[in-house]
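Residue numbers (the UniProt record's numbering): 1 to 108.
Here it is, written out as C-alpha coordinates:
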(Lines of atoms letter the chains of each structure in order from A; the text may use other names.)
(Lines give C-alpha, C1' and ligand atoms only; values in the text may rest on other atoms or scores of the structure.)
Protein backbone atom coordinates (compact mmCIF):
# COMPACT_ATOMS: atom_id res chain seq x y z
CA UNK A 1 0.00 0.00 0.00
CA UNK A 2 1.18 3.50 -0.83
CA UNK A 3 1.97 6.01 1.91
CA UNK A 4 0.34 8.68 -0.25
CA UNK A 5 -2.86 10.37 0.94
CA UNK A 6 -5.58 12.48 -0.59
CA UNK A 7 -6.88 15.02 1.91
CA UNK A 8 -10.20 16.88 1.77
CA UNK A 9 -10.46 20.28 3.46
CA UNK A 10 -13.33 22.75 3.26
CA UNK A 11 -12.93 26.52 3.48
CA UNK A 12 -15.62 29.17 3.98
CA UNK A 13 -14.37 31.53 1.26
CA UNK A 14 -11.94 31.71 -1.67
CA UNK A 15 -9.36 33.87 0.15
CA UNK A 16 -9.09 31.28 2.94
CA UNK A 17 -8.85 28.42 0.42
CA UNK A 18 -6.09 30.25 -1.49
CA UNK A 19 -4.12 31.01 1.68
CA UNK A 20 -4.30 27.42 2.90
CA UNK A 21 -3.42 25.95 -0.52
CA UNK A 22 -0.47 28.30 -0.96
CA UNK A 23 0.88 27.58 2.53
CA UNK A 24 0.52 23.81 2.16
CA UNK A 25 2.47 23.71 -1.09
CA UNK A 26 5.02 26.35 -0.05
CA UNK A 27 5.78 24.53 3.23
CA UNK A 28 5.90 21.14 1.43
CA UNK A 29 2.97 19.72 3.43
CA UNK A 30 1.24 18.94 0.11
CA UNK A 31 2.52 18.38 -3.41
CA UNK A 32 -0.60 19.78 -5.05
CA UNK A 33 -3.88 21.31 -3.88
CA UNK A 34 -6.92 21.56 -6.14
CA UNK A 35 -9.46 24.23 -5.19
CA UNK A 36 -13.01 23.34 -6.19
CA UNK A 37 -15.63 26.12 -6.02
CA UNK A 38 -19.37 25.79 -5.64
CA UNK A 39 -19.62 23.31 -2.78
CA UNK A 40 -22.73 23.40 -0.59
CA UNK A 41 -22.37 21.81 2.84
CA UNK A 42 -25.38 20.82 4.94
CA UNK A 43 -24.61 19.86 8.53
CA UNK A 44 -25.82 20.05 12.12
CA UNK A 45 -24.00 22.52 14.41
CA UNK A 46 -25.09 23.61 17.88
CA UNK A 47 -28.41 21.82 17.42
CA UNK A 48 -29.32 23.58 14.16
CA UNK A 49 -29.19 22.45 10.55
CA UNK A 50 -26.77 24.74 8.70
CA UNK A 51 -26.23 25.23 4.96
CA UNK A 52 -23.10 27.01 3.76
CA UNK A 53 -21.38 27.66 0.48
CA UNK A 54 -17.78 26.47 0.75
CA UNK A 55 -14.64 25.76 -1.24
CA UNK A 56 -13.20 22.23 -1.33
CA UNK A 57 -9.44 21.74 -1.19
CA UNK A 58 -8.13 18.38 -2.43
CA UNK A 59 -4.54 18.03 -1.24
CA UNK A 60 -2.15 15.24 -2.24
CA UNK A 61 0.37 14.43 0.48
CA UNK A 62 2.13 11.61 2.33
CA UNK A 63 1.62 10.07 5.76
CA UNK A 64 4.84 11.66 7.00
CA UNK A 65 3.83 15.13 5.75
CA UNK A 66 0.26 14.88 7.07
CA UNK A 67 0.95 16.14 10.65
CA UNK A 68 2.39 19.36 9.21
CA UNK A 69 -0.57 19.68 6.84
CA UNK A 70 -3.03 19.32 9.70
CA UNK A 71 -1.18 21.83 11.90
CA UNK A 72 -0.98 24.33 9.04
CA UNK A 73 -4.72 24.08 8.29
CA UNK A 74 -5.59 24.47 11.97
CA UNK A 75 -3.37 27.57 12.14
CA UNK A 76 -4.88 29.25 9.06
CA UNK A 77 -8.51 28.11 9.13
CA UNK A 78 -11.08 30.43 10.77
CA UNK A 79 -13.55 27.69 11.76
CA UNK A 80 -13.67 26.25 15.27
CA UNK A 81 -13.70 22.70 13.87
CA UNK A 82 -12.51 22.59 10.25
CA UNK A 83 -13.09 19.55 8.07
CA UNK A 84 -9.81 17.74 7.44
CA UNK A 85 -10.13 14.17 6.15
CA UNK A 86 -7.28 12.04 4.83
CA UNK A 87 -7.70 8.84 2.85
CA UNK A 88 -5.01 6.49 1.59
CA UNK A 89 -4.40 6.29 -2.13
CA UNK A 90 -4.56 2.58 -2.95
CA UNK A 91 -2.99 2.96 -6.38
CA UNK A 92 -2.20 5.55 -9.02
CA UNK A 93 0.24 6.48 -11.73
CA UNK A 94 3.64 5.50 -10.33
CA UNK A 95 5.38 8.61 -11.64
CA UNK A 96 2.75 10.92 -10.13
CA UNK A 97 2.89 9.17 -6.76
CA UNK A 98 6.71 9.44 -6.80
CA UNK A 99 6.37 13.17 -7.57
CA UNK A 100 4.00 13.60 -4.59
CA UNK A 101 6.63 12.00 -2.36
CA UNK A 102 9.44 14.15 -3.74
CA UNK A 103 7.44 17.39 -3.34
CA UNK A 104 6.63 16.71 0.30
CA UNK A 105 10.13 15.76 1.42
CA UNK A 106 11.78 18.28 3.76
CA UNK A 107 14.44 20.38 2.06
CA UNK A 108 17.66 21.34 3.69
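Here a beta-carbon is modelled for each residue, glycine too, at the ideal position from N, C-alpha and C.
**OP:** Determine the contact status of residue 61 and residue 30, defining contact as a CB-CB distance below 7 Å.
**Re:** yes
Original post:
What do you reckon, are the CB atoms on residue 59 and residue 7 nearer than 7 Å?
Top reply: yes
Subject >> residue 108 versus 55, 28, 13, 24, residue with shortest Cα-Cα distance >> reply: 28
**OP:** Using DSSP bridges, identify the partner residues of residue 51.
**Re:** 42
Original post:
DSSP beta-bridge partners for residue 59?
Top reply: 7, 33
**OP:** Let me know if residue 17 comes out buried or exposed under the rule of 16 or more other beta-carbons within 10 Å of its beta-carbon.
**Re:** buried
Original post:
From the DSSP output, which residues share a beta bridge with residue 86?
Top reply: 7
Original post:
Is residue 57 closer than 7 Å to residue 39 when the C-beta atoms are compared?
Top reply: no
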